[in-house]
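So the protein lines, in turn, are chains A and B.
Everything in the first sequence is counted per my numbering, starting at 19 for the first residue and increasing by one.
Everything in the second sequence is counted per my numbering, starting at 19 for the first residue and increasing by one.
Note that the Cβ used here is the ideal one computed from N, Cα and C, for glycine as well.
This one's a predicted model, so the numbers in the text were calculated from it and none came from an experiment.
Below: one structure, written as structure tokens.
Protein chains: 2
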Amino acid sequence: MLALNKLYVVGIGPGAADQMTVRALRALEKCDVIAGYGVYVDLVKPLLPDKEYLVTPMRKEADRCRMAIDSALTGKTVAMISSGDAGVYGMAGLIYELSEGKDVEIEVIPGVTAALSGGAVLGAPLTHDFAVISLSDLLTPWDKIEKRLDCAAEADLCMVIYNPASHRRADYLRQACQIVLRHASPETVCGVVRNIGREGEMMQIMTLKELAEYPADMFTTVFIGNCQTKVVDGRMVTPRGYRDV
Amino acid sequence: MLALNKLYVVGIGPGAADQMTVRALRALEKCDVIAGYGVYVDLVKPLLPDKEYLVTPMRKEADRCRMAIDSALTGKTVAMISSGDAGVYGMAGLIYELSEGKDVEIEVIPGVTAALSGGAVLGAPLTHDFAVISLSDLLTPWDKIEKRLDCAAEADLCMVIYNPASHRRADYLRQACQIVLRHASPETVCGVVRNIGREGEMMQIMTLKELAEYPADMFTTVFIGNCQTKVVDGRMVTPRGYRDV
């Protein structure tokens, strides 16, 4: 089968358009249509003003993916853009599921997810093994999330917490910290980053005990260190191992 | 304190130079000196032939970092480059530790780590929570690594395994799979990617039982799915949750 219809699923990185890879930029240049949420489209549009844009503000995610697939099936070259990486809690999986058996060639172009971009703002919190866990219980039962936090803490994994809070889930981060505190010291070095790569970017380093009281919002990414993580010149740094280099 | 001496720690992504971000490229353009292993320098040099290059082939990592820091302390703008992300098992942490208290302003520029670039080659294996675990026991006791594999599997986290094998550690991946098999089905969908983003890139999808017998090498990144991970049109896809969208 010769696939004529090309659909790129592109992660554009954390915020400003210069955080996307050169490869991502080249793929967008090749496209006829760029589809995505309004905020992401607004980041890309100034670079590539002459494209057709499919802005999908309020629809359900499956509908957004179908819209991009349908556009590709008309013979146009389409990019579905998302912030961060296209795979990490992203649309790439849904695109594959919804285009199964259809004549669309999909190419996923990776991007810098918040674990990496936020880590770089804080210093070097992810120099050793880590887990990425979302506190959103929209599609995942809360007891599953609790189990993961408990196991990750028991294993002394650094953790990156995505979606630490929303209006509806104001106290989830506190609950998560209480689970981690079963295994980790209250003095464990933690960090938060807000608005990564965008205007208003800020970071703060604190203890796990303080993190439990931190008013995270949906623009916050949270980092919990392992037992070796320390503060060096105001940065959060996890050493490369448990032995001296 | 006005920092005059600037040291960028730059992740250049998985392989070809177009996998680095525009921001990384801009930082390298601003530098006087680019330091790194020969293979990474060779990737960057064609783009920026007029820079001073510090090639550090056989030295110990701490020495490489000191060399870059010392160069920055002479007033030059320096970039220390590494593959993937500068923070994930990277040099950023060591740079912070070794420059503590010195008059060097460090800026970490994130890049696409193998979990993301390899994931994009396989499909969308990391759509849900995951752990990144290295099997290298050079700086980490093996029992700590075993504990992490066991906990991650118990929590049904997808896993990305870095450094699955070396000459000295030929059977570590098999051992790791046996630990995961305590909790996961032998039919769990897994994938491997070799030479990500470089010539000779290949991927293969297999079961966990088959992965235990796979002859991984130091150029291989390994992905282990969760209980929901499936194969869609020949790709490894982890759904976004445990409920229907």
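Between Asn181 of chain A and Leu91 of chain A, the C-beta gap is not smaller than 8 Å, which leaves the two residues out of contact. Per DSSP, Ser89 of chain A is not a residue of any beta strand (DSSP E); the alpha helix (DSSP H) it occupies stretches across Glu79 to Leu91. Distance check between Thr225 of chain B and each of B:Gly209, B:Glu219, B:Thr239 and B:Met236 places B:Gly209 closest, using alpha-carbon atoms only. Scanning chain A for C-beta atoms nearer than 7 Å to the C-beta of Gln37 of chain B yields Thr39 and Arg41, reported in chain order. In terms of CA proximity to Leu191 of chain B, B:Pro233 leads the group B:Thr74, B:Glu172, B:Pro233 and B:Gly137.
Tyr190 of chain A sits in a helix when the DSSP states are folded into three classes.
Between Ala110 of chain A and Thr145 of chain B, the CB-CB gap stays under 8 Å. With a cut-off of 8 Å on Cβ pairs, the stretch 210-225 of chain B is not in contact with the stretch 147-166 of chain B, counting fewer than three such pairs.
The three-state secondary structure of Leu157 of chain A, taken from DSSP, is coil. Using a Cβ-Cβ cut-off of 8 Å, Ala183 of chain B does not count as an interface residue toward chain A, since no Cβ of chain A sits closer than that to its own. Across the set B:Phe241, B:Glu123 and B:Asp174, the C-alpha of B:Glu123 shows the shortest separation from the C-alpha of Gly93 of chain B. Only exposed fits Arg186 of chain B, as fewer than 16 other CB atoms lie within 10 angstroms of its CB. Closest option to Gly33 of chain A, judged by alpha-carbon separation, among A:Ile242, A:Asp60, A:His201 and A:Tyr114: A:Asp60. Assignment of beta-bridge partners to Met109 of chain B by DSSP yields no partner. In this structure, the CA atom of Val27 of chain A is about 5 Å from the CA atom of Val126 of chain A. By the rule that beta-carbons nearer than 8 Å mark a contact, Thr158 of chain B touches chain A. In the DSSP annotation of this structure, the continuous segment of the alpha helix (DSSP H) that includes Ala133 of chain A starts and ends at Ala132 to Leu140.
Counting along the chain, no alpha helix (DSSP H) covers Tyr232 of chain A, and no H or E run does either. Nearest CB-CB separation between Leu22 of chain B and chain A: not below the 8 Å threshold. A straight-line Cα-Cα distance of about 31 Å links Phe241 of chain A and Thr74 of chain A. Annotation: Ile30 of chain A to Gly108 of chain A spans about 12 Å, alpha carbon to alpha carbon.
At a C-beta separation below 9 Å, Phe148 of chain A has these neighbours in chain B: Val106, Ala149, Val150 and Ile151. Between the stretch 160-170 of chain A and the stretch 127-135 of chain A, the count of C-beta pairs closer than 8 Å stays below three; the two stretches do not touch. Cys169 of chain A reaches chain B at Cys169, Ala170, Glu172, Ala173 and Leu175, counting residues in chain order whose Cβ is nearer than 8 Å.
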